[in-house]
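In the working numbering, the protein residues as written are 349 to 664.
Everything on this sheet refers to the single structure shown next.
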Ligand SMILES: NC(=O)c1ccc[n+]([C@@H]2O[C@H](COP(=O)([O-])OP(=O)(O)OC[C@H]3O[C@@H](n4cnc5c(N)ncnc54)[C@H](OP(=O)(O)O)[C@@H]3O)[C@@H](O)[C@H]2O)c1
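Here it is as structure tokens:
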């Protein structure tokens, strides 16, 4: 471990940070080592990463002093917020501010901020194509991340802005998996019409982030968008059918119907899919598959991800 540069990883026991921590720890030739940041160093996931060689440090993104301690002596940090744990864009902004402040305090040489678009740049609040949510957002879990970009810049933190994509893992963990329709056929339901949805294996986000860090200062100040594939609902359904060996169809619904599904965050996600639908050319263009593959040569396609994960997808 001696002599290796420390990358402090926020969310290391979760999807994005976990992919990065494992990418570092599984590379014996790495010039980096991973510092896992967790609220509970005694939890199983933290202990499993410690077993792989990670240093584990307790911190909470709600507590700037704990972050200052956790970033101290590190070369770099991966910074991510946890919208779905609290549904508060204001909390995301506060957490981003705390991470930027701690990064500055520790004089980090490189930070990756896991961000998304502030959709209000494309759909101002006065645009009634989709409802305004929580008083001042169109897609709350996107807008606050995009709004937070300047916080890192304002603090003078050398930052790469990583635009992530829809995790295919949402088909396992986020309640978006295939459901049986009235006709008895399995279906995935998305308000994407015939437009392409950039998607990625969650594990590959962290691997791409590792690729960004390996490039040194080259991508500081840059926005890097990543995806594993851009696929229509029909293309995803065809891949599902092939992987599962049974027919699965794509159920394209209107965003209004999706927003009314009633689960927590349905309106936010309905607006998000409508944004991705209405600005398909921009949204896919900002997530270049070749760039992602150059950062992470083992980048998975949807079919490859399905091959590895189909047994974990809950099927009715
Ligand atoms: N789902 C998607 O398709 C998608 C796509 C793009 C972007 N995103 C964004 O991804 C973000 C979440 O990232 P993720 O999926 O990697 O998260 P995740 O898998 O839910 O992992 C969250 C991890 O972060 C830690 N954590 C939670 N609250 C914390 C806090 N207050 N302080 C410190 N650590 C905390 C937890 O670790 P401990 O319990 O060990 O502390 C947990 O293991 C969200 O903001 C979401 O909008 C999601």
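In this text, a Cβ means the ideal position worked out from N, Cα and C, and glycines have one as well.
Since the structure is predicted, the reported quantities are computational estimates derived from the model, not experimental observations.
For residue 356, which residues does DSSP report across the bridge? 383, 425
### Message
Taking the alpha carbon of residue 457 as the reference point, which residue from 355, 639, 634 has its own alpha carbon closest?
### Response
355
Check: With C-beta atoms as the reference, is residue 385 less than 7 Å away from residue 363?
Finding: no
Checklist entry - Would you say the beta carbon of residue 555 comes nearer than 6 Å to a heavy atom of ligand 1? => result no
Taking the alpha carbon of residue 507 as the reference point, which residue from 601, 627, 643, 423 has its own alpha carbon closest?
423
**Message:** Alpha carbons only, please: which of 351, 464, 479, 446 is nearest the one belonging to residue 500?
**Reply:** 446
Handout entry: The alpha helix (DSSP H) enclosing residue 518, as first and last residue numbers
Key = 518-521
Going by DSSP, name the residue or residues bridged to residue 535.
527, 597
I need the DSSP call for residue 627, collapsed to helix, strand or coil. coil
Assuming residue 625 contacts residue 543 under a Cβ cut-off of 8 Å, what Cβ separation, rounded to an integer in Å, is found between them?
5 Å
Put residue 372 into one of helix, strand or coil per three-state DSSP.
helix
| query | Thinking just about the alpha-carbon of each residue, which of 525, 540, 541 is nearest to the one in residue 534? | reply | 525
Taking 6 Å as the cut-off, is the C-beta of residue 518 nearer than that to any heavy atom in ligand 1? yes
Burial state of residue 531 (16 or more Cβ within 10 Å):
exposed
Return the chain-ordered list of same chain residues with a C-beta closer than 7 Å to the C-beta of residue 575, the five sequence neighbours on each side being excluded.
513, 546, 547, 548, 635, 637, 640
message = Can you find the residues in the same chain that come closer than 7 Å, C-beta to C-beta, to residue 464, ignoring five residues on each side of it along the sequence?
response = 490, 493, 494, 511, 512
Contacts around residue 371, its chain only, beta-carbon distance under 7 Å, and the 5 residues preceding and following it disregarded: 554, 555, 558
Problem set entry | Those residues which DSSP pairs with residue 488 across a bridge | Looking at the DSSP assignment, residue 488 forms no beta bridge with any residue, so it has no partner.
query: Hey, would you say residue 426 sits closer than 7 Å to residue 365, going by beta carbons?
result: yes
Practice prompt. Using the DSSP secondary-structure output, state which residues sit across from residue 403 in a beta bridge.
Written response: 383
request  = Could you spell out where the alpha helix (DSSP H) holding residue 642 opens and where it closes?
outcome  = 637-643
Taking 8 Å as the cut-off, does the stretch 579-591 touch the stretch 395-410 (at least 3 CB pairs, one atom from each stretch)? no
Pick from 466, 382, 397 that is closest to residue 619, judged by C-alpha positions:
466
- Using the beta-carbon count (16 or more within 10 Å), is residue 617 buried or exposed? buried
* In this structure, does DSSP put residue 605 in helix, strand or coil? -> helix
Quiz item: What number of angstroms, rounded off, separates the C-alpha of residue 682 from the C-alpha of residue 648?
Solution: No information on residue 682 is available, as it lies outside the stretch 349 to 664 that the chain covers here.
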